[in-house]
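Peer 1: Chains as they are written, first to last, in my numbering: chain A, 112 to 515; chain B, 112 to 515; chain C, 9 to 394; chain D, 9 to 394.
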Amino acid sequence: MTSTPAREDGAHAGETDDEFRARLRAFFTEHHPGRRPERPAERLAWQKRWLAALFDAGYAGPSWPREHGGMGLGFARQVIYHEEHARARVPGPLGTGVGIAAPTIITHGTPAQGERFLRPMLRGDVVWAQGYSEPEAGSDLAALRTTARRDGDEYVVTGQKVWTSSADIADVLFTLVRTGTPEDRHEGISYLVVDANAPGITVRPLRDLTGDANFCEIFFDEVRVPVIDRIGAENGGWPLVRTSLGHERAAGAMTQAARYRRVLDELVALARERGATSDPLVRDRLTDFEARVRIMRYTATRVIADIIATGEPGPASSTSRLFVAAFEQELHEFAVELLGAHGTLGRSDPHAVQRGRWVWGFLRTRASTIGTGTAEMQRNTIAERILGLPRDPVAGSPRPAGGA
Amino acid sequence: MTSTPAREDGAHAGETDDEFRARLRAFFTEHHPGRRPERPAERLAWQKRWLAALFDAGYAGPSWPREHGGMGLGFARQVIYHEEHARARVPGPLGTGVGIAAPTIITHGTPAQGERFLRPMLRGDVVWAQGYSEPEAGSDLAALRTTARRDGDEYVVTGQKVWTSSADIADVLFTLVRTGTPEDRHEGISYLVVDANAPGITVRPLRDLTGDANFCEIFFDEVRVPVIDRIGAENGGWPLVRTSLGHERAAGAMTQAARYRRVLDELVALARERGATSDPLVRDRLTDFEARVRIMRYTATRVIADIIATGEPGPASSTSRLFVAAFEQELHEFAVELLGAHGTLGRSDPHAVQRGRWVWGFLRTRASTIGTGTAEMQRNTIAERILGLPRDPVAGSPRPAGGA
Amino acid sequence: MVTATVGTAPSTGASASTDEQAELRTVTRRFLAERSPSGSVRRWMDSAQGHDPALWRQLTGQLGLAGVAVPERFGGAGGGPVELGIVLEEMGRALVPSPFFATAALAGQALTASGDGASWLPAVAAGSLTATLAVAEGSGSWRPADIATVASPSGDGWSLSGTKMFVVDGDSAALLLVVARTDTGPALFAVTGDTGVQRTRLDALDPTRRLARIDLDGVPAVRIGSDDDAAPLLRQVLDLAVVALAAEQVGGAQACLRSAVDHAQVREQFGRPIGAFQAIKHRCADLLVEVEAARSAVAYAASVATDPAERPVAAALAAAYCSRAYTHVAKENIQIHGGVGYTWEHDAHLHLKRAKSSELLFGAPTTHRARLADLVGIGSGAEEDR
Amino acid sequence: MVTATVGTAPSTGASASTDEQAELRTVTRRFLAERSPSGSVRRWMDSAQGHDPALWRQLTGQLGLAGVAVPERFGGAGGGPVELGIVLEEMGRALVPSPFFATAALAGQALTASGDGASWLPAVAAGSLTATLAVAEGSGSWRPADIATVASPSGDGWSLSGTKMFVVDGDSAALLLVVARTDTGPALFAVTGDTGVQRTRLDALDPTRRLARIDLDGVPAVRIGSDDDAAPLLRQVLDLAVVALAAEQVGGAQACLRSAVDHAQVREQFGRPIGAFQAIKHRCADLLVEVEAARSAVAYAASVATDPAERPVAAALAAAYCSRAYTHVAKENIQIHGGVGYTWEHDAHLHLKRAKSSELLFGAPTTHRARLADLVGIGSGAEEDR
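1. Indicate the three-state DSSP secondary structure (helix, strand or coil) for residue 417(A) in the structure shown.
2. Measuring only the C-alpha atoms, how far is residue 246(B) from residue 68(D)?
3. Flag this pair as yes or no: are the beta carbons of residue 334(B) and residue 305(B) separated by less than 9 Å?
4. By the criterion of Cβ-Cβ separation under 7 Å, what are the contact partners of residue 395(B) in chain E?
5. Among the residues of its own chain, which have a CB less than 6 Å from the CB of residue 364(A), if the five just before and after it don't count?
6. Quick check: the Cα distance between residue 458(B) and residue 471(B), rounded to an integer number of angstroms?
7. Beta-carbon separation of residue 323(D) and residue 251(D) under 9 Å?
8. Over what stretch of residues does the beta strand (DSSP E) that includes residue 196(D) continue unbroken?
9. Would you mind stating whether residue 167(C) and residue 229(C) have Cβ atoms separated by less than 9 Å?
10. Can we say the stretch 206 to 220 of chain A touches the stretch 339 to 352 of chain A, given the rule of at least three CB pairs closer than 8 Å?
11. I'd like to know whether the C-beta of residue 141(A) is nearer than 9 Å to at least one C-beta of chain C.
12. Residues in the same chain with beta-carbon distance under 7 Å from residue 122(D), minus the five sequence neighbours each way, listed in chain order, please.
13. Going by beta carbon distance, what residues of the same chain come within less than 7 Å of residue 360(C), once the five residues before and after it are set aside?
14. Where does residue 328(B) fall in DSSP's three states?
15. Just grab the DSSP bridge partners of residue 276(A) for me.
16. Residues in its own chain within less than 8 Å of residue 482(A) by CB, not counting five upstream and five downstream?
17. Would you mind listing the alpha helix (DSSP H) stretches within the stretch 330 to 394 of chain B that are 4+ residues and don't spill past its ends, in chain order?
18. Give the DSSP-derived three-state secondary structure of residue 382(D) in the structure shown.
19. Establish whether the CB of residue 287(B) and some CB of chain D are separated by less than 9 Å.
20. Distance cutoff 9 Å, beta carbons only. Does residue 316(C) sit that close to anything in chain B?
21. Are the stretch 268 to 287 of chain D and the stretch 143 to 159 of chain D in contact at 8 Å, needing three or more beta carbon pairs?
22. Which residues, in chain order, does the stretch 353 to 385 of chain C contribute to contact with chain B at a C-beta distance below 9 Å?
23. Is it right to say residue 151(D) is buried, meaning 16 or more other beta carbons lie within 10 angstroms of its own, or is it exposed?
24. Where DSSP assigns a beta bridge to residue 271(A), which residues make up the other side?
25. Interface residues of chain B around residue 271(C) at Cβ under 7 Å?
26. List the residues of chain A that residue 350(C) touches, going by C-beta distances under 7 Å, in chain order.
27. For residue 193(A), which residues of its own chain have a beta-carbon under 7 Å away from its beta-carbon, when the five flanking residues on both sides are left out?
28. Excluding five sequence neighbours on each side, which residues of the same chain lie with their C-beta closer than 7 Å to the C-beta of residue 45(D)?
29. Could you name the residues of chain A that residue 253(D) contacts, counting a contact when the two beta carbons are closer than 8 Å?
30. Less than 9 Å separating the beta-carbons of residue 207(D) and residue 221(D)?
31. Quick one, are the C-beta atoms of residue 320(B) and residue 474(B) less than 9 Å apart?
32. For the stretch 86 to 98 of chain C, which residues have a CB atom closer than 9 Å to at least one CB atom of chain B, in sequence order?
33. Is it buried or exposed for residue 310(B), if we count other Cβ within 10 angstroms and need 16 for buried?
34. Starting from the Cα of residue 372(C), find the closest Cα among 445(A), 389(A) and 241(A) and give me that residue.
35. Are the CB atoms of residue 202(A) and residue 184(A) within a distance shorter than 9 Å?
36. Should residue 166(B) be flagged as near chain D, meaning a C-beta pair shorter than 9 Å?
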């Protein structure tokens, strides 16, 4: 840990990294919101209180510009922020607005839009949820069918979105809609911000294979949306979707590695408890996971070092999603096998081991290679963008120009 | 072993399967040609003597029609033949004519061609070698460039073939040549039989990655080939290449399974000898190979049973090539790992284990997923022909209509 | 069809399936396709009974399937593991919730193998008696040596006490075959009464197959089989059970591959059916390689299931290979379906749960593999006492 | 470039590569690309010496690479495993036959680690002395406990007798560092003379790296390092060796992937570059995932190679992961090239042979994995005495 003076700042000019870290740690410790309530409504209120406190104290949005209420941190400081945030185990943002919509609005929104949307989002006052996927489109996102017909100062939106998380608590939906013809594909899509309580919107929970409803379907039936709530140009929505703020994901990668470190340690403890570590085949599998979870951390380390040294994260920041997805699927599947006959039990059985977390994880991680772009699409992207292999004439990855 | 009277025959009417088997076994035992000579020239003569004796006694070509000197056996009798042939460890045919060219000539050749070509081929008097592959074509066989320009009663052939085995001992080459334009693709290809000693032919050994030269390149420089040596119609060669005689390959599949059984037993013996079977991870790998080598036999059994019951071999006869290729690659790679530091030695080192056979096998089996159609092409074929998945508009497997 | 022109089978062990077997397959498949489509599976898996009693009556009455592997002298069709496998493959394909597996494959085969099933087999064959086999306990182990349930002589018969777990259809089966330890070793017992029996349905991962915990407290029971060491019988019964399950797994794996291929043929993305993309296409081809290998394993295991020399190896192999294959194809089916495959509404997850659950029910694949290793002489010997 | 605007490194252990390191990489890569193209590799691998002496003079003279990890007080550049790894990654990429690995990575690091290398390190750093390390014997094991070569006190020094196998560049290295057992345990010795030394070149699978058998018969030797137990030193030296080798492996893996991608971009079949087909394209993407993971493993292992607490785990992990990755990419490179990749003329097989050979040279991946397991507390302990 070095202590050279910071050349960029969080809020306090001239502060060293160590001082910055200490200040964060103190704040998180002092204002920690306490145990997470069990009941959903209480939990929501608890989380909103925390986000508001964080925002009001100037500790929200490490990568956001200060003009929108963020901290405007440089990359290295963002890494420190994520480290301390994970260490303190305080709640993260509500909904998917802060991570996904905000970079687009910050980069491509009008000043008025930025003013209206961003601070309430970051403060947790207004919860945003994403509406990109459609049942008929799947990986071919640009095949979306939800239409937005222009009617004076408004769009009239009709269609269906699916796999929207947090839609049940959302105040605002950010969506992609077709303003051009289906033949326009990527060129006929606009980016709209829609009031989640507008007439004509129906939100329906979507039960997934785990038996839970972590996602919703949203139906739009002639929903009227002011034209001023469109981000970017009409038919110019497609290039906006991958906008990101610097290397935010890379800055949070250490947190992910630390989480899997914990999960693996718990699995090893389980194996030991069940006497399975005396089986060399079990030990060999655990060793494989051990190597991979360490590589996850090493990779995060390396990507961060590369960004600091060159400003670029290098290919490893793109390949790690596939690496992690395979890891978590195999880890959970192995855990279930370790349970033997107890792996045949569901979560609610009193005999279920550790309340069925491993069996549930086995089911849930099926989504690791499907959600937010299938593994197949990710391979396309890596092959085309990093390795420079030719695009499939039709199935190549789309190339929206991201901001920042 | 049942003894119902045969309803079709080898050579002797009314003979039972058991009698047929006994007769074969007696012949193979009595006329066994003895140890295989080390020196190539002697070995060739030794093998030719055996093939001639076999033919003269009426024991050659189990699946061939009797009119061409074959035995005209039904499928079940072919299986018995292959079993006894493998059991006796007598030499098989010379070159690739009997297995590959003969079915095409039998099915699509003129009576005169059948008369001229077939008996000398089966008797081993004339050795045939295949010229399909070209360096620029690869898996896209129909992209071949060797041209045959018509000049009166002759074609004038110019081009290059590669990966021809037995070309060094071949008297005759059977080739695919372009008689149409490159744009005609499959429709511009003819099937020619070429005298291997014709002026303008150069055969050059091709060194492969094992360091051996098991294959040759053949260069054709204005080689004149009589038009009467074309099989099938001009530009009609493509559909001929996959012609097979019944389910000959399925009949020989037990032999292959038996060979790998032997190889695995040798590997297990090696592991035991080196004390490696005390390692549970080694035992687990060996058990995996054990399961797969048994499945190979079970599959051969099942395919044979299906053919006997329904006349069709079912999908397993198509999938087993991929199954076997993966098996032999992994088996050899594992064997090399078992050797530890001795796996770093080449074949000629006196310290090499078992004269380097495992290391050499590791190298050689790289060809298992490349030769005679890459694994990728096989997957295309299986997906399209068996599963009915759509053809890739350009890269789908060709669909020549095979005979029989 | 060249059947009429070829000779008899060569000595490869190949046995062609008979016309009767082909007919059995066709009839069963057609019947289940009509009577047990997906909607019906879902309705009955959520029902109190867990299966459709009318379907069971038809299966056992009209089709006589409960007795497919029961000897003719007990009113069965006199078939064996091959015929049973044909029915189970079709049941697995259709994912039918049914007492069939427990009754015909577990209890029926155990009774037949014991040579002492005359009291129950006629009712089993007729479909009037559902039954199951209870072996595993809290640890989930199927090894006779791990059994703690105790059988004590009591009057003319025996009295059982202990707790059985993971009992297939244990909540409803009328006849319980229970493995318990006696002074001279483990033995098989029949329990038909309710006194002292407490059945608790478990929350099973697989919603199409009921599992139960059964607590036995001084329960009157009848010993089955001779008084000799019952370990070989139990081993044989477990072999027969895993071969039967492997057949069901192959049926399930085929259904998953078929579902994936059907989807890939019609689902369009980027203007083409996704099955035209090699990422999907080649994966389907590889899955077929695996499914065909699994078919070979189970076909062979069923055909040698009455041969005491060949059965153990073939059974261990089929159990290890087919369970992995089913789970793998079930996972890939979800992946190929993408988002829709992740929903509760699509049947893909039902197969995944059935697959994973079947994989673990009679010992994980590693257990069967270790047994295979021991049987062929490359193992540690640790599984040999199974 | 945002370097100027960001703060210092956070506490993740991340250390940015310095400008000097970037420069070292660029210079080495450029030099080797020019001076050691494929044709040259093939010419020299078949030569009597096995490498190009002029190239060696330039590498060590003009570029000073032999001393890249030698302390400055011995005339080296004062770098460490990171710098050595950079050079080796480039050597591996270009598949250069060279005494570099044996001299700088094996002997150089052993001498430096021993704290007793003053007599030889200046010559090593200058490139005037080639050297190697001889540990394994007939069994191929690198465990000090398995060493049979004996060192007996003889006058002021020692006398060595025994047979060493698989000695990298053992046919030509001027200085032999030999591990032999003494009455108090294994220790490290230097042999410079020829008396009693018989060197036999082995037929190596990898034609780009010479291996030798060395028979020692009463050979005068000097003991290196303190008189304490040398086992920790030997363990450290082996860790450093495998990390260095892992760097070379990552370079080789990257070269294979680059070669496969280059081929897939230009090779056309069915009217399209084969890299447009997902079967090839997705495989290349998966290979990149693996190569990047290997890069992470080696980057970390090199960065902690001087930290006795972190080094063993990171070294075992890098050895296990990077060797597998290189072999895998080398195999896939051949597959993607198809027929031409199977020829002797194409370089793909040289990488496969280098990869497989490197994988086994200092213990198979399973050995390193077992050691990793022991170090993190999930192992059997059988590897712990290494």
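In this text, a Cβ means the ideal position worked out from N, Cα and C, and glycines have one as well.
Peer 2: Checking against the coordinates, here is how it stands:
1. helix
2. 42 Å
3. Yes, Cβ-Cβ distance for residue 334(B) and residue 305(B) is below 9 Å.
4. Structure shown: chain E not included; protein chains present are A, B, C and D.
5. 411
6. If you draw a straight line from the Cα of residue 458(B) to the Cα of residue 471(B), it is about 7 Å long.
7. yes
8. 193 to 199
9. yes
10. yes
11. no
12. Answer for residue 122(D): 196, 232, 233 and 241, listed in chain order.
13. 338, 339 and 342
14. strand
15. In the DSSP assignment, the residues bridged to residue 276(A) are 326(A).
16. 274
17. Given a length threshold of 4 residues, each whole run of the alpha helix (DSSP H) inside the stretch 330 to 394 of chain B is given here in chain order: 359 to 384.
18. helix
19. no
20. no
21. no
22. 374, 377, 378, 380, 381, 384 and 385
23. buried
24. 330(A)
25. Result: empty, since nearest Cβ-Cβ is about 11 Å, beyond 7 Å.
26. 319, 320, 477, 478 and 481
27. 362, 363, 365 and 366
28. The same chain holds no residue with a CB closer than 7 Å to that of residue 45(D) once the five nearest residues on each side in sequence are set aside.
29. Residues of chain A passing the Cβ test: none, with the nearest at roughly 17 Å.
30. yes
31. yes
32. none
33. exposed
34. Considering only alpha carbons, the answer is 445(A).
35. no
36. no
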